[in-house]
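*Asks:*
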Amino acid sequence: MTTTHIPRGKYHIWTVGCQMNQADSQRIQTMLDELGWEEASMEQANLVVLNTCSVRSAPEVKAHNQLAHLKRAKEQRSDLLVALMGCMIGNQKTIDDLSKRYPHIDLFMKVEHSDILPHFLEERWTPISGAGCLDVELLPSDEPQELEPIENLLPTFATSTARGKKQTVLPMAITPKPGERIAHYPTKIEPARVSPTAWLPIVLGCNKVCTYCIVPYRRGRERSRPLDELMLEARTLVDKGARELTLLGQTVESYGLDLPEQPDLADLMTSLSEIDGLQRIRFMTSYPRYMTDSMIERMAHLPKVCEHLNIPVQSGDDEMLKRMKRGYTLEEYCERIDRVRELWPSISLSTDIIVGFCGETEEEFQHTLDLIEKIRFDVVHVAAYSVRPGTVASRWEDDVPLQEKKRRLHAVEEVQARIALERNQTSLGQIEEVMIEDLNTTHGRQQWRGRNRTNKLVFFPQPEASTSQRVYQPGDLVSVRIEHVTPWSLQGCAVEL
Ligand code: SAH
Ligand code: F3S
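Mapped onto this note's numbering, the consecutive letters of the sequence shown carry residue numbers 145 to 641.
1. Check the C-beta distance from Val-192 over to Leu-214 and give it rounded, since I have them as a contact under 8 Å.
2. How would you write the range of the alpha helix (DSSP H) that Gln-163 sits in, first residue to last?
3. Use the C-beta contact count for Pro-262: other C-beta atoms within 10 angstroms, 16 or more gives buried, fewer gives exposed.
4. Within 10 angstroms of its Cβ, does Asn-454 collect 16 or more other Cβ (buried), or is it exposed?
5. Between the region 154-172 and the region 251-269, do at least 3 Cβ pairs fall closer than 8 Å?
6. Cβ-heavy atom distance between Thr-395 and ligand 2 below 7 Å?
7. Relative to the C-alpha of Gln-635, which residue among Val-602, Pro-618, Thr-586 is closest?
8. Less than 8 Å separating the beta-carbons of Ile-419 and Ala-378?
9. Taking the straight line between their C-alpha atoms, what separation do you get for Ser-185 and Ala-555?
10. Under 7 Å: does the beta carbon of Cys-350 sit that close to some heavy atom of ligand 2?
11. Tell me which residue opens and which closes the alpha helix (DSSP H) that Glu-475 is part of.
12. Considering only residues of the same chain and omitting the five flanking positions on each side of Asp-437, which have a CB-CB separation below 7 Å?
13. Given a cut-off of 8 Å, decide if Thr-355 and Met-232 are closer than it, judged by their beta-carbon atoms.
14. Taking 7 Å as the cut-off, is the beta-carbon of Tyr-434 closer than that to any non-hydrogen atom of ligand 2?
15. Got a sec? Which residues, its chain only, sit under 7 Å from Asp-240 by beta carbon, not counting five neighbours each side?
16. Report yes if the CB atom of Ile-563 is closer than 8 Å to the CB atom of Ile-626, and no otherwise.
17. Just to check my reading of the structure: Glu-366 and Gly-349 have Cβ atoms closer than 8 Å, yes? What is that Cβ distance to the nearest angstrom?
18. What is the rounded straight-line gap between the Cα of Thr-429 and the Cα of Leu-641?
19. In the DSSP assignment, what are the bridge partners of Leu-261?
20. Gly-385 and Ile-346: beta carbons closer than 8 Å?
21. Nearest-angstrom Cα distance between Lys-549 and Asp-462?
22. Using the Cβ count rule (16 or more neighbours within 10 Å means buried), how would you classify Lys-244?
23. Does ligand 1 have a heavy atom nearer than 7 Å to the CB of Pro-456?
24. Between Gln-220, His-208, Arg-597, which lies nearest to Val-578 when the distance is taken from Cα to Cα?
25. What are the partner residues of Ile-346, as DSSP defines its beta bridges?
26. List the endpoints of the continuous alpha helix (DSSP H) containing Asn-454.
27. Between Tyr-361 and ligand 1, is the CB less than 7 Å from at least one heavy atom?
28. Under the DSSP definition of a beta bridge, which residues are partnered with Tyr-155?
29. Candidates Ser-538, Phe-604, Asp-620: which alpha carbon is nearest Thr-586's?
30. Have a look at Trp-158 and Ala-189 and give me their C-alpha separation to the nearest angstrom.
31. What are the boundary residues of the beta strand (DSSP E) that Ile-497 is part of?
32. Taking all protein chains shown into account, do 16 or more other C-beta atoms lie within 10 angstroms of the C-beta of Thr-341, making it buried, or fewer, making it exposed?
33. Cβ of Cys-357 versus every heavy atom of ligand 2: is any distance shorter than 7 Å?
34. Give a yes or no on whether the C-beta atoms belonging to Asp-496 and Pro-456 are separated by under 8 Å.
35. Contact defined as beta carbons within less than 8 Å: I believe Leu-412 pairs with Leu-465. What is the distance between those atoms, to the nearest angstrom?
36. What do you get for Arg-552, buried or exposed, if any count of 16 or more other CB atoms within 10 angstroms of its CB means buried?
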């Protein structure tokens, strides 16, 4: 007699890319935890989820390497499932191309459709050969039995491609139906292990089509999540220990435009501010044309909303902005920044810049350096242009040589390092409110690491027991006197006020 007990497997989630991907992976992790699956290394996992990024070619190359590695692993192991999610999944065509190239991918999954996961596991993780399944107990029988050849004793899964068997099971893929506009996000699932800082995706997809960018093709049109759904999720996150929420969207100020009651970003922040235990609200990414004066004024008056804006400009030259199809001129961008600084004087600013985009001349590049000097951002994220097949710009010549892109990238970094240092020096001697994120060990020295309200990294040591009664922990708000600064962080000492 046999009793069958189908075991839960082990999973590994591999994530690259932006905060949105990190948020998505946390939700998938919770789902798998709730299904009773156990986290493991990639080598030990029965389900490997690759959460991919396509914004530049480097993270895509990493995913292709992982897929090649998993192909070899699958040839050795019959109990391995591979799922792909994130930006490498776009429409049916991208899925078809990928599954032709990588027939060992068992599941193509958009986060919006992750409720397919339990069904997928039920179907694919169920052993299909009766004998020798995992956890099958063979009760002793009186009659001596012929031993089964070892091959037959190994579990065989519906996914099996092991030992040269031909794969007969088609990969699963769920793609949005054309015109599907409702934001569907795995809302009842929250990060299993919430840190004091948590991501809250509020708008999925993007309605703009910047000529260099793959995101709209892979993430679809913009869909806002309903306010009450977000409130519910935010409350659960706070109950589980989150103290700071970062609201995510590609052009985050467009939140609510597609919802029946059209709440805007500031309305959402007003509602979120009422949640007890939530200390800070952040948001990204900003788009200058959607940010109204009223929105900024209301945000600036909400004490929990932190004074930081990530507002990508991408280039400091009008012709480049046109080629990028950013939808604003330099003058409009600068006017918006002036207005934001007027209405919200304590604001810190970060931006994204692409260097070496198609046809960028030395003069056009100089205009970007001029803009950086003029605005004096606190942080600049700079990237060398990377052709993304399928975008409008992929039809144009990628004519700035790689060496030149790198030179421009370093030139931006150099100018920005000086500006950031100068800006950070204004914090010297000031007392900043810091939320502790974790304990950091560098060069054998342990220090608390957190961020001030303007999103700058701050390090400080645990005070001597003789001078402080408090033993700090992640999530605590601590007053820190700043004593030393670099372009990238602030360093100080906790003070008890
Ligand atoms: N929604 C954001 C951008 C999302 S993509 C916005 O409004 O700008 C994140 C960043 O990746 C972009 O700001 C851009 O600087 C960079 N990026 C996007 N496509 C790129 C490409 N093809 N090459 C290099 N960098 C790119
Ligand atoms: Fe990409 Fe432009 Fe949207 S950079 S994400 S298409 S705003």
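The beta carbon of each residue, even a glycine, is placed where N, CA and C say it ideally should be.
*Replies:* By the coordinates alone:
1. About 6 Å separates the two Cβ atoms, so the contact holds.
2. DSSP places Gln-163 inside the alpha helix (DSSP H), whose first and last residues are 163-178.
3. Exposed.
4. With 16 or more other Cβ atoms within 10 Å, it is buried.
5. Verdict: yes, contact present.
6. True, at least one ligand heavy atom lies under 7 Å from that Cβ.
7. Comparing Cα positions, the closest option is Val-602.
8. If you check the CB distance, Ile-419 and Ala-378 come in under 8 Å.
9. Rounded to the nearest angstrom, the two C-alpha atoms are 40 Å apart.
10. Yes.
11. Where Glu-475 is concerned, the enclosing alpha helix (DSSP H) stretches over 474-487.
12. If we look at Asp-437 and ignore the five residues flanking it on each side, its Cβ neighbours are Arg-483, Leu-487.
13. For Met-232 and Thr-355, no; Cβs fall outside 8 Å.
14. Not so, every heavy atom of ligand 2 lies at least 7 Å from the Cβ.
15. Nothing listed; no residue qualifies.
16. No, these two residues do not count as a Cβ contact at 8 Å.
17. Their Cβ separation, rounded to whole angstroms, is 5 Å, which keeps Glu-366 and Gly-349 in contact under 8 Å.
18. Rounded to whole angstroms, Thr-429 to Leu-641 spans 34 Å at the Cα level.
19. Looking at the DSSP output, Leu-261 sits in no beta bridge, so it has no partner there.
20. Ile-346 sits away from Gly-385, with the two beta carbons spaced by 8 Å or more.
21. Cα to Cα, the separation comes out at about 19 Å.
22. Around the Cβ of Lys-244, a 10 Å sphere holds fewer than 16 other Cβ atoms; the residue is exposed.
23. Taking non-hydrogen atoms of ligand 1 into account, the C-beta of Pro-456 is found less than 7 Å away from one of them.
24. It is Arg-597 whose Cα lies nearest to the Cα of Val-578.
25. Its beta-bridge partners do not exist; DSSP assigns none.
26. Element bounds for Asn-454: not the alpha helix (DSSP H) but the beta strand (DSSP E), 452-454.
27. Tyr-361: no, Cβ never under 7 Å from ligand 1.
28. Note: Tyr-155 sits in a beta bridge opposite Glu-183, Leu-191.
29. The option with the nearest alpha carbon to Thr-586 is Phe-604.
30. Rounded to the nearest angstrom, the two C-alpha atoms are 11 Å apart.
31. Secondary structure note for Ile-497: its beta strand (DSSP E) is the uninterrupted segment 492-499.
32. Classification of Thr-341: buried, given that the 10 Å Cβ count is 16 or more.
33. Checking the Cβ of Cys-357 against ligand 2 gives yes.
34. Cβ distance < 8 Å, so Asp-496 and Pro-456 count as in contact.
35. About 29 Å separates the two Cβ atoms, so there is no contact after all.
36. Answer is buried; the Cβ neighbour count reaches 16.
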